[in-house]
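**Q** Chains as they are written, first to last, in the working numbering: chain A, 1 to 209; chain B, 1 to 84.
Handing you this structure, nothing more for now.
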């Protein structure tokens, strides 16, 4: 049995932010992810101007990590012992489309460098890692449906092979009509066993929100 | 020149997503990069695109960028000298 535990998890969906299954923040009036992430940003007030330069899905991942790691002390670990392993089904499709829209017309060909740099989902992991000074492993899986098995196996392997000691794992996704973030923190200091069954059960808590 | 500087302030705030900033917060003489507005390398590329898109000006020699984008004022002067 892997001695890796989950200490906290966070869900962001439907204009609500949950931590360990409890509602922490809600903005019913926010229309769309862009407005809602601004609203969460004002609530958390991290004072991090680079946030506004991120694409929508990176903002979502960044804020999910902010909520998850708020007041968490990781000073017992070195920066290269902390990893971020995420997944989703859409990659950065909406940002890819934004970029494509800017280069469709040859006579109006003005690709935006700041849009282009976000056309990869692992850039979101980069933003989280820069913010929290994480220098461990990072992987972003693209899978059709959220796979707790995939995330659990990958993280457990990294832990068992001493590649890393602390993990931010989960899913950050955005499609045309929906968005969702589910992230959890795993280390040797949690209280819930880190395995696919438990991750699946925490993820499925959203049905009750 | 004054009018162009004011227009540039609005365009820069919009193009670079400087959402916490108002036009009056930008001192035209202050450096855009480093200790001034604190812009980064991606912002520099955005400014190059802005010049081309909004003013039809292409920077021929990339080495000139440092001088052109030193401040809002140097940027406005460059636009005034080069706009067709």
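C-beta atoms are modelled at their ideal positions from N, C-alpha and C, and glycine is treated no differently.
Using Cβ-Cβ distances below 7 Å, what residues of the segment 36-49 of chain A are close to chain B?
**A** Residues 49.
**Q** Given that residue 46 of chain B touches chain A, what residues does it touch there, using C-beta distances under 9 Å?
**A** What residue 46 of chain B touches in chain A: 112, 113 and 114.
**Q** Is the segment 16-34 of chain A touching the segment 74-81 of chain A in the sense that three or more CB pairs, one from each, lie closer than 8 Å?
**A** No contact exists between the segment 74-81 of chain A and the segment 16-34 of chain A.
**Q** When DSSP labels each residue in this structure, what does residue 186 of chain A get in the three-state scheme?
**A** The answer is strand: DSSP assigns residue 186 of chain A an E or B state.
**Q** Taking only three categories from DSSP, how would you classify residue 212 of chain A?
**A** Residue 212 of chain A is absent from the structure shown; chain A starts at 1 and stops at 209.
**Q** Can you pull the chain A residues whose beta carbon is under 7 Å from the beta carbon of residue 19 of chain B, in chain order?
**A** Neighbours of residue 19 of chain B on chain A, chain order: 52.
**Q** For residue 19 of chain B and residue 32 of chain B, I'd like the C-alpha separation in whole angstroms.
**A** Taking the straight line from one Cα to the other gives about 16 Å.
**Q** So, are the CB atoms of residue 192 of chain A and residue 198 of chain A less than 7 Å apart?
**A** In this structure, residue 198 of chain A lies closer than 7 Å to residue 192 of chain A by Cβ.
**Q** Using the Cβ count rule (16 or more neighbours within 10 Å means buried), how would you classify residue 209 of chain A?
**A** Per the 10 Å Cβ criterion, exposed.
**Q** Over the uninterrupted beta strand (DSSP E) stretch that includes residue 24 of chain A, give me the two end residues.
**A** Start and end: 22-26.
**Q** When burial is assigned at 16 or more other CB atoms within 10 Å of the CB, is residue 62 of chain B buried or exposed?
**A** It counts as exposed.
**Q** Could you check whether the Cβ of residue 9 of chain B sits closer than 7 Å to any Cβ belonging to chain A?
**A** So no, residue 9 of chain B is outside the interface.
**Q** Could you name each continuous alpha helix (DSSP H) segment of 4 residues or more that falls completely within the segment 17-68 of chain B, going from the start of the chain to the end?
**A** Taking only runs of at least 4 residues, the alpha helix (DSSP H) segments lying wholly in the segment 17-68 of chain B are 41-55 and 65-68.
**Q** Three-state secondary structure (DSSP) at residue 206 of chain A?
**A** Of the three classes helix, strand and coil, the one that applies to residue 206 of chain A here is helix, per DSSP.
**Q** List the whole-angstrom C-beta distance separating residue 140 of chain A from residue 87 of chain A, where the pair is believed to meet the contact cut-off of C-beta under 8 Å.
**A** Rounded, the Cβ-Cβ distance is 7 Å, consistent with contact.
**Q** Please report the distance separating the alpha-carbon of residue 21 of chain B from that of residue 40 of chain B.
**A** About 16 Å.
**Q** Quick check: the Cα distance between residue 3 of chain B and residue 70 of chain B, rounded to an integer number of angstroms?
**A** Rounded to whole angstroms, residue 3 of chain B to residue 70 of chain B spans 19 Å at the Cα level.
**Q** Note the first and the last residue of the continuous alpha helix (DSSP H) segment covering residue 171 of chain A.
**A** First-last for residue 171 of chain A: 166-174, but that is the beta strand (DSSP E), not the alpha helix (DSSP H).
**Q** Can you give me the C-alpha to C-alpha distance between residue 78 of chain B and residue 68 of chain B, rounded to a whole angstrom?
**A** Distance between the alpha carbons of residue 78 of chain B and residue 68 of chain B: 6 Å.
**Q** Beta-carbon separation of residue 137 of chain A and residue 164 of chain A under 7 Å?
**A** Against a cut-off of 7 Å, the Cβ pair of residue 164 of chain A and residue 137 of chain A comes out as a contact.
**Q** Return the residue from the list A:134, A:161, A:162 and A:171 that minimises the CA-CA distance to residue 151 of chain A.
**A** For residue 151 of chain A, the nearest C-alpha among the options comes from A:171.
**Q** What does residue 53 of chain B touch in chain A if you count any residue whose Cβ is under 8 Å from its own?
**A** Chain A residues near residue 53 of chain B: 110.
**Q** Assess contact between the segment 115-122 of chain A and the segment 40-60 of chain A, defined as three or more Cβ pairs (one per stretch) separated by less than 8 Å. Is contact present?
**A** Contact holds: three or more Cβ-Cβ distances are below 8 Å.
**Q** Out of A:64, A:115, A:154 and A:174, which one is the CA nearest neighbour of residue 45 of chain B?
**A** Cα-wise, what sits closest to residue 45 of chain B is A:115.
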